[in-house]
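Number of protein chains: 2
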Amino acid sequence: MTKPLSFQEVVMRLDRYWADYGCLVWQPYSEKMGAGTGNPATTLRVLGPEPWNVAYVEPSYRPADGRYAKNPNRMQLFTQYQVILKPDPGNPQELYLGSLEALGINMREHDVRFVEDNWESPALGHWGLGWEVWLDGQEISQYTYFQQCGGLATDPVSVELTYGLERIVMYLQGVRSVWDVNWDGVHTYRDIYMRSEIEQCTYNFQLADVERLGQMYNLYEAEAKAAMARGLVIPGYDYILRCSHTFNVLDARGAIGVTERASYFGRMRDLTRQVARLYVEQRKEMGFPFAKYQTSRRGAVSAPSGPAVSAPSDRPSTFLLEIGTEELPVADLTSALEQLRALVPEALAANRLGFDSVRVIGTPRRQAVLVYGLLPGQPDRTVEVQGPPAKVAFDADGSLTRAGQGFAQKQGIPVEALRVVTDGDRSYVVATKTEPGQLAGDLLAEELPKLIARLRFPKTMRWNELNVTFPRPLRWLVALLGDQVVPLVFAGVSSGRTTRGLRPLGSPDIELASADGYLAAMADRQIAVDGAERRRQIGAQAEALAASVDGRLFADPDLMDEVTNMVERPTAVLGSFEPEYLDLPHEVLITAMKKHQRYFPVIHATSGDLLPHLIGVRNGDGQNLDVVRQGYEDVLRARFADAKFFYDQDTARPLDSFLPRLDTLTFQEKLGSMLDKSKRLEKLAPIAGQALGLSQAEQAVTTRAAHLSKADLATQLVVEFTSLQGFMGCHYARLSGEDEAVATAIFEHYLPRFAGDALPETRPGLALGLANRLDSLVGLFAVGLAPSGSSDPYHLRRDALSIVQILIAHRIPLSLRSLLAEVAAIVPVPVAGQVLDEVTGFIGERLRGWLREKGLRYDVVDAVLAERADNPYGAYRAAGQLAAWVAREDWMDLLNAYGRCIRIVRDQPQQFAFQPGLDAEPATAALWDALRAARAQVTPDSDVDRLLIALWPMIPAINRFFDDVLVMHQDLALRENRLGLLQAIWGLSRGIVDLSRLEGF
Amino acid sequence: MTKPLSFQEVVMRLDRYWADYGCLVWQPYSEKMGAGTGNPATTLRVLGPEPWNVAYVEPSYRPADGRYAKNPNRMQLFTQYQVILKPDPGNPQELYLGSLEALGINMREHDVRFVEDNWESPALGHWGLGWEVWLDGQEISQYTYFQQCGGLATDPVSVELTYGLERIVMYLQGVRSVWDVNWDGVHTYRDIYMRSEIEQCTYNFQLADVERLGQMYNLYEAEAKAAMARGLVIPGYDYILRCSHTFNVLDARGAIGVTERASYFGRMRDLTRQVARLYVEQRKEMGFPFAKYQTSRRGAVSAPSGPAVSAPSDRPSTFLLEIGTEELPVADLTSALEQLRALVPEALAANRLGFDSVRVIGTPRRQAVLVYGLLPGQPDRTVEVQGPPAKVAFDADGSLTRAGQGFAQKQGIPVEALRVVTDGDRSYVVATKTEPGQLAGDLLAEELPKLIARLRFPKTMRWNELNVTFPRPLRWLVALLGDQVVPLVFAGVSSGRTTRGLRPLGSPDIELASADGYLAAMADRQIAVDGAERRRQIGAQAEALAASVDGRLFADPDLMDEVTNMVERPTAVLGSFEPEYLDLPHEVLITAMKKHQRYFPVIHATSGDLLPHLIGVRNGDGQNLDVVRQGYEDVLRARFADAKFFYDQDTARPLDSFLPRLDTLTFQEKLGSMLDKSKRLEKLAPIAGQALGLSQAEQAVTTRAAHLSKADLATQLVVEFTSLQGFMGCHYARLSGEDEAVATAIFEHYLPRFAGDALPETRPGLALGLANRLDSLVGLFAVGLAPSGSSDPYHLRRDALSIVQILIAHRIPLSLRSLLAEVAAIVPVPVAGQVLDEVTGFIGERLRGWLREKGLRYDVVDAVLAERADNPYGAYRAAGQLAAWVAREDWMDLLNAYGRCIRIVRDQPQQFAFQPGLDAEPATAALWDALRAARAQVTPDSDVDRLLIALWPMIPAINRFFDDVLVMHQDLALRENRLGLLQAIWGLSRGIVDLSRLEGF
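Line by line, the protein sequences are chains A and Z. Residue numbering for the first sequence follows the working numbering, starting at 1 and increasing by one per position. Residue numbering for the second sequence follows the working numbering, starting at 1002 and increasing by one per position.
Written out as C-alpha cells, the structure is:
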C-alpha cells in the first residue's frame, strides 16, 4: 500500500487536476465566511451569462459548529475545496469522479453515492439542487446546480462542487478523527489547528461582546450600503461578508432573538440582492467581457441526430425508452415512474398505437419504459371531407365543374370518388378518402419529447442553456423500436442506443442491440432496473446478514423504499459499532443510523433489543466490501460520538434550563419565538384540558408539561436530530426528576408524528397536543400562512389530521369552535372570525378524508359533516351510526318520507309557526302528534341513532299527510301553517345530520 | 521557446517545490493584511524555539499603494508567496535560487542579485536584515532574517522569503504591465482584478467613512484585548489584523493626523507585543510541542575540522583568509575591508609574526586577506624567570637545594643555567631560557576567530543557533597557509580550501591548491576580488557604452562605489528608455535610475543633457545580455511610469493645495506634524531674515516660501522619492505660478543636502534654511532627541554643519544665540536655557570640525571658538586672521608678553579696578598709557586683527613692567591695584579670542 496522501498533497492534486481541466486556480478570500460559496469567485461570478471555471480552497468558519475540538470531525473552522463550472460542461459528475481518481480513490473499491441534498439560503436568496456525495457512507462533497443566487436566477446554471477536505483526507489516511489528519507528512491537524479551535470556540460561545458585535454589524452594513450606492461591488461585498460572519458569531453566542433574527435576515437579504444586481449591471455595462472565453461546449447539448427510422418492421415489436439522468432523488424517481405508467399508455392510445402491455421500471440513473407488442403503426382510417355545394361542383349537365375537379384534386382522390350528400334542403359534395396510419417510430419521435416534458415534479432544476427543467440533469436517451433507434431530442440530448453501466465500473457505455435485449443487457451488467427486484434482493441479503448475528431488521418500509431507490445494484454490508454506544437512548442511535446514513438498524431476533450492528447497502457488487464496511462503521462512529457529545452536554443541566434559549428559535416571525409559543401553551393547554374535562391532577400535569414542552428544542441533540423532539424532551424530563406523567405528556404532545404512529395515551398529552396544534393552526392561518397547493411548510395538514385522530381516539366529542376562539384570544396577532371559519373548514377537510379512508360512503360523510364538521369524534360517531342506518333495506322508506317534508320547504325563505288549531285535516293532526312524540326524544345534541329512532315512527304519518293533504293550498293561511309543520319536522335533524346530502334523496 | 508559465502555474510550482523540500503548505489568511508576514503562520510561528517550515500565498492589501489600476505594477492588492524556514537550514539562498530554477529561470541567463534591504516595523516591534532579490533589475523577492518579532527576539532566527508573484510572472511572461499577466491560460490579471482594484481605490481614497472606521478600530481593539485577557491568541490576533487594516484604510484616506498616528502606532504596538508574549507563553505551557519535529540541520553548523597544520614550511609563505558570506551590504563590505586592513597587521605584530605585506580585498560574497611573506613562525625569545631567594636555592655550601633543583626542573633548564641576581639587599635565583616561537599556523588558527569576532558593524544579525552576529550569514571560510589548511572555526563554520564561484554559474565549489594561487583561481572563474579592479572595469565599460551613444557617464562617485561593491564580475549593459520620459524633470529620472536601480544616467558628451539611456552593471559575464537589458529597461519603464503618474497627479493642482495634507505627516510626535512645522517656519523665517538683514522685498519672498516650503512633502513624487524634496517644491511652485524667487528659496532652503552640495545663493533661501534647521535643532534637543553616538536619525549634525556653511558662505557674522532664544519661544515644547547652551555647543562643534577641515591649526580654532562659537562667520574670519598672526616669526614676542599678563591674573577670583594714582612706578604708568592707547582701538566686537594690532605696541610696556615692578607686592593695596591693571589688559581680548589656548602660551 502506498503512503496515504497528506492534507496538503490532496490540495495540490486537486489544484493540478482542475487546472489541467481548465479551471482558474483561485485563493481563499480575505474575509471570514461560512463556505466557499461566499467567496466572490462563486457568489458573484455565477451571476450573469459569462463562462467561469474556477477552483480554490476556502477555510470556512461556522461558529455554531464549534465543539471545542472535542468532536472528531466537527469544527468551527473546516476546509472546503470549491469548484465552479459555468456553464455545465455536460459531464460534471464524471469530472468530479475523475478528481477522486486523481486522489487515488478507485471507484471499484468503494461505495460512491450521490445522495439528494439541496441547498437553500432564503436569507440570501440562494438555492440549488444537487447531492451530497458519499464515499463509503461518509459525506465528502456537496454537489449543487445553482439555480438562483442573491435572488437572481442563474443563467447559465453553474455546477458547484464542494469537497469537504478534512473528510476526504481522513478517509484517505484512515484516521478516525480530524485531529489525527497528517497535514504535510510531519504535522497533524491537531498541531496546526486544535488550540486555535478551542480558542475560537471559547471566543464565539463565551466571550464575544454582544454589544460590540452588534455595533460592528451596523457599521459594516452602513459601509456596504455606502459602497454600493457608489456602485462599488467588491468593497460592498467585503462588508456584507463581515456582516454575515458577525451575525454568525452573535448567533453562536446565543444573542439572536427571534425579532433580531428576522431583522438580520431581512437586512442581509437586502444587501445580498443589492450586490448581486449591482454586479450584473456592472458586468453588463462592461459588455460581459468574459463572454469571449466561451469555449465550445463538451457535449452539453447535442444536435438532433439523423432522420426517422428506416425500414420499419411490419410486425409488432418492443419499444424501449430509457431516460438517463444524474441520480434522481428517491421521491422524484418514484414519481417519474408513476407518471410514466399513466402517461405512456394514454399517449399510445391517443396516437392510436396498438400495444400489448407497458412496463415502467427504473433506478436513480435510468427510468425505463418498455412497450411490448407495439404495432408498427396506426391503422388506416377513413375520413370524409365536405366540399362545395353540389350545384357548384356540378353543372346543369351533372358534369364536374372546375371547382368540383379542384376539390377532388386537392383531396387527392379520383373524381369518381366524389359523392353528393343531401342534408335537408342542402346538397353538397363529399370526398371520402383513406388516411394511412403513421408509423409508430415517427409518432414516438414526435410524441415522446412532449411526454417527457409533461412529467411534473415538486422541485425541478435547469442545467444547460436550453433551460429545460427536470429534477436532475438528463444526460442520455435510449429509444429503440425493435432494433432501430427512434430519433428524438429532449433538453438538447439526442436519443441513441447507448446506455451506461454502473458507476463503480466507471459508467461504461453499453450498446443495446434491441429493445428486447434491454433487461438482459442490464442484468449482464449487474443492474437491477426493476425496483421490486432490488427490494427483494436487499431484503433477502439484509435479513441473512442480520440472522448471522442473531438479529433481524428493524422494520421500516420507508427506509427500505428509500434504500431501494438509491442503488442500481444493491449489496448489503453488515457492520458493527462499539456496544458502549448502546448506553445512549436507542432512538437516538436508530435516528442517527436511518436519517443520516440510511443504515438498517438490527434488533435481536427475539428480544427486539437493538444490537450493535448496522446494515448498509452498497451500490455495487461484493468486491472490496471490507473497505466499504470500514467506511460505514467509521462514519457511524463519528455520528455516535457527536450524539454522545450532545447527550452529555444536554444531560449536564436540567431540562428547564434550556428554556431561555428558546428565545433564539423562531417559531414564526410574527408569532414570535418558540419561547413565546411555549408560554402560550402554558395558557392554552389548561384551557384545552378543561374543555376535555381533565381532572385537577391532570391539569397540573398538563400545565407543567406545557411549560417544558419545547425546552428540548434548545438541546443539542434535538438541534441535531429534529425528529427526536418530544422523545428527548421526555427523556431529559425524566433525568431532570420531573413526574413521569409530565415526561409522558411532553413526548405524547407530538403524537402522532407520522401516518401510523402511536397516539397519545394520556389526557395531559392529548390536551397539550391539541393546544400545540390549535395554536399553530390559528396563528399561522391568521398571518396568512395557510397551506396552499403542495406547499405546507408548517405541516398544518398533519396537525389538523392529528387533532382529528386524537379526539376520535379518546372518544371525546369536543366541538372545536369555542376552543378556537380561546386560542384566537391568545395568539399575538389579530384573528378575524373568517380565519376561525377557515381553520374549522380546514380541520373538517382532514376529518372528511379520514372518515372516507375508514371506508365510509361519501354521502354519509357529507351528511354528517354538514352539521358536525367541528366535532371530529361527534362526526365520526354520527357517521358510523348513519352508515348502519343507510345500510338497512328499508332505509329508503325513511329517506323518501323525510325527503318529502324537506324538499317542499327547503326553498322557502320564510319560517312559519304551526298552529294545530288552524288545520282540521286529521292527517295533519296525526303528523303533529308524531312530531311531538319525536321531539320529545331529540335535541340538536342528540346522536344520529336517537334522531333516526325518533323519526322512524313518523313515516306513516308523513306518508299519510302527503297523501291526504294539499300543502300548497290556495288558502294562504292554511298553506303557511302546513309549511310550518313540515319545517318543524325538518328542524328535528338540524345540528345532527343533513339527510338531504344522502344518495337517493 | 516554451509557453510561459501562467500565474497559477507559478503558484502551483512553488507549492510543489517547497512541499518537496519539507514545508507545510498553508493558505492565505481570513483577514486582510498588508503582507504575508501578517499571517499567523509567520508572525506567531517565528516566535519561540520550535522548528517551522511553511509556504503559502498571501494576497496582500496596502490601501495607500492603490493607483486606480493605472500603474503597470503597483496596486493596493498584490500577491505574495511566503516561505518561512526556521531554523536557518544553512543554505537558504541556494534553496531560494532552486525555486527560481523550478520556475524555469536559468541563473546563467539572468542577472540575479541580492541587494541590501532591511525590514523594520517599529510600530509592531519587528525587524530583520536581508535583501531584495533582483532579477534583471526587477525586485522579485524579499529575503529577510527575522531578528525580532512583536518586540521579542527570535531564537532561532527564521528565514523569510517573500516572492512578489506578479513581478515574477510579469517577468516570465514578458509582459510590461501586471494587467497583462496571464492567470490561467485564459484570463488576464486585468480580467480578474482590474475592476475591483479601481473599486477598492475609490473606496479607500474617497469613500471610506472616517468616523465609522474609527469606531471599528476601537471595537476591534476592545475585542482583541478582551480575547487576550482570556488568554486567547488567535481570536485576539484576528482583531489585531483588523485594527491594522482599518488603520491602513484610514491612512490612505488621509485621515490620520500626527497625534492620531502616534497614538495608533502605540496602540498597535501594545497589542502586537501582547499577542507575541501570549503566544510564546501558550506554547511554553504546551511544552513547545513542535520541538519534537526538529530534524538534523543541513550543515548549518559544522564541527571543527582536523588538527593543526602538519609539516609546516620553513620558508616564508603566503597566507589566505577568505570569509565567505551571503551578500554583504555595500557599507558593511567597505567597513569590513577597512577593519581587516587595520586589524590583521596589528594582530600579526601582536603575535610576533613577521610578514612582508598584507592585502585586503573583497566582494559582497568574500572578504579576502592575503598576507605575503609570512614567516613560518614566531622567532624564539629569551626570557628570565625569577626563582626563589638565593639562600633558599643554595645552601651554605653553595650547593643547590631541593628547592633550587625543583625550580630548574620546572623551568626545563639545566641547573648550570641558573644564576643569582642581586638587587639591592635582595638576592634571588633567575632562570634564563629560550622560548621557541610558535608556528604561524597554530597562532592563526587561534587568533583569527577572535579577529573576525572583533569586526564591528552598525547593524548585525544572528542566523544560526550559536547566535553569533555578523552583517549577513557567514557561510564558508578558506584559510590557507601556503598549501595547507589552517583549521579554524567561527560561527559554526570550519575552514577549508573550498571557496565558491559566481552565482550565475551556480556558485560552484572551487578547490584552492594554495594561497598563492588564489587570485589567479578567482580570475579564472571571472571573479574580480579587488574592488579597485572592478571599479576600473566598470568605468571603462560604461564610458565606452556611453560613448557609443555620444554620451558620457553622469559623474557620481558614490554610485560608482556602490555598484562596484554589489558585483563580483561586472559587465556593463547599455539600455534605453522612451525619449518622451525626458519631458519629466530630469532630476526625477536621475533619482529613479540611481536610487531604485543603481543605473548610471548617461548625459550628452558635450551638452551634458540627459540622454534616454541607462547603464546598468550586471553581476556576470556577457552571455544573454539581451535578456538582462530587456529586464533593466522594463523595470525602469515601470519606475518612470510610476513617476509620470505621480507627476501628473501632482501637477493637476496648485502646490499650496497640498498643505492641509501635511497634517498627516509626522515631524516628531511632540513637535507635531509637518504642517505645524511649516507654520512655525512662517514665523521663524522672517525673524531669521531680520537678523540677517533682509530687505522688505526679500522678507516677503521668505515668508511666502516658508508657507510653501514643506508642501511638496505631500506630493506623490516626493512621497516616492524623498530625496527630491525641495527640488520638486521649487518645480511645482513655478508651475503653480509662484514668484521665481519664492520657488528658488523653496529649493535652496534644503541646501546643502550633502557634502559638496551647492549652497543657497539667495538670502530668502538662506533665511528659510536657517529657520528650518534651528527649529529642528532646538525642538529636537528640547524633547531629548539630541544625537548620541552614531545615532542621528534627524540628521542634526548635518543641519548644524549646514548652518555653519551657509552663514560663512554669505559672510554674515550672525551670533546665533539670540536667534535660538526666539526659536525656543516658538517651538511647542518648553526649552530650558541649558538646551540652548547645548545647541550652541553642538553647532560650535560642527564649526570646529569645519574650521579644522579648512586646515586651521587646532589651537587657533580653539582660541577663536572659546569666544565666538555661536558666530560661525565671525569665528571663521577670526581664525583666518589669527592664523596669519601666529605664522609671524615674532609672534612669540606678543604671546609671551601677553601671556605674562594673563598667567598672573587668571587664577585670581576677584576683579580689581586699577587706579593710576596708587602706583608710583614709572613702568606701571607706562603700561597704563599703553593700555589706554590699545583700549581706544578695541571693543569686544573687534576682530582679531584689530585686537592684535592694538596689542602689539604694548609689548615693550608689558616687558618693562614685569622687569621693573613686583606685582605681588606685600602691600595689599598696591598688589591689588597692579593685578587690576593686568586684568584690564587681559580684558582687551575677551569676546574676541582666547590667546591662552594657543600653543606656546
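We put the CB at the ideal spot given by N, CA and C, even for glycine. Predicted, not measured: the structure shown is a model, and the values here were computed from it.
Asked                                                                                                                               : Found
Secondary structure of Gly266 of chain A, DSSP reduced to three states                                                              : helix
Residue of Z:Glu1198, Z:Phe1601 and Z:Pro1586 minimising C-alpha distance to Gln1077 of chain Z                                     : Z:Glu1198
Where Phe754 of chain A falls, given that 16 or more other Cβ within 10 Å makes a residue buried                                    : exposed
Under 8 Å from the C-beta of Ala1223 of chain Z: neighbouring residues of chain A                                                   : Asp209 and Arg212
Arg552 of chain A, DSSP secondary structure in three states                                                                         : strand
Cys1150 of chain Z CB to nearest heavy atom of the ligand SAM below 7 Å                                                             : In the structure shown, the ligand SAM is absent, as is every other ligand, since no ligand is present at all.
Thr188 of chain A, enclosing alpha helix (DSSP H) - first and last residue                                                          : Neither: Thr188 of chain A is in no alpha helix (DSSP H) and is coded neither H nor E.
Secondary structure of Asp20 of chain A, DSSP reduced to three states                                                               : helix
Contact residues within the segment 785-813 of chain A, judged by C-beta distance below 7 Å to chain Z                              : none
Arg1017 of chain Z: contacting residues in chain A (beta-carbon distance under 9 Å)                                                 : Met12 and Arg16
DSSP-derived helix/strand/coil call for Glu511 of chain A                                                                           : strand
Contact the segment 31-43 of chain A vs the segment 236-249 of chain A: 3+ CB pairs below 8 Å                                       : yes
Neighbourhood of Ile1257 of chain Z by C-beta distance below 8 Å, restricted to the same chain and skipping five residues each side : Phe1248, Leu1251, Tyr1265 and Thr1665
CB contact flag (Leu662 of chain A, Ala711 of chain A, <8 Å)                                                                        : yes
Residue-level contact to chain Z via CB, Ala227 of chain A, 8 Å cutoff                                                              : yes
Through-space distance from Phe319 of chain A to Leu480 of chain A, alpha-carbon basis                                              : 6 Å
Selection from Z:Pro1390, Z:Pro1571 and Z:Val1530 that minimises the alpha carbon distance to Gly1425 of chain Z                    : Z:Pro1390
The segment 973-986 of chain A contacting the segment 906-925 of chain A, beta-carbon criterion three pairs below 8 Å               : yes
Secondary structure of Phe1843 of chain Z, DSSP reduced to three states                                                             : helix
Under the three-state DSSP convention, the category Gly1300 of chain Z falls into                                                   : Reliability of the predicted coordinates at Gly1300 of chain Z is poor, the pLDDT of 47 falling under 50, and the value obtained from them is presented with this limitation in mind. Correct three-state label for Gly1300 of chain Z: coil.
Assigned secondary structure, Thr1565 of chain Z (DSSP; H/G/I helix, E/B strand, else coil)                                         : helix
Assigned secondary structure, Glu1323 of chain Z (DSSP; H/G/I helix, E/B strand, else coil)                                         : strand
Residues, ordered as in the chain, of the segment 17-51 of chain A that lie near chain Z by beta-carbon distance below 7 Å          : Ala19, Leu24, Val25, Gln27, Pro28, Ser30, Glu31 and Lys32
Alpha carbon of Asn464 of chain A to alpha carbon of Leu474 of chain A, nearest angstrom                                            : 10 Å
Beta-carbon gap between Leu951 of chain A and Leu895 of chain A smaller than 8 Å                                                    : no
Range covered by the alpha helix (DSSP H) that runs through His1587 of chain Z                                                      : His1587 to Thr1592
Contact set between the segment 178-191 of chain A and chain Z, restricted to residues whose Cβ is under 7 Å from the partner       : Trp183, Asp184, Val186, His187 and Asp191
Interface flag, Ser1100 of chain Z vs chain A, CB-CB below 8 Å                                                                      : no
Sheet register partners of Ser1792 of chain Z (DSSP bridge)                                                                         : Z:Ser1789
Straight-line gap, Asp180 of chain A to Val169 of chain A (C-alpha atoms, nearest Å)                                                : 10 Å
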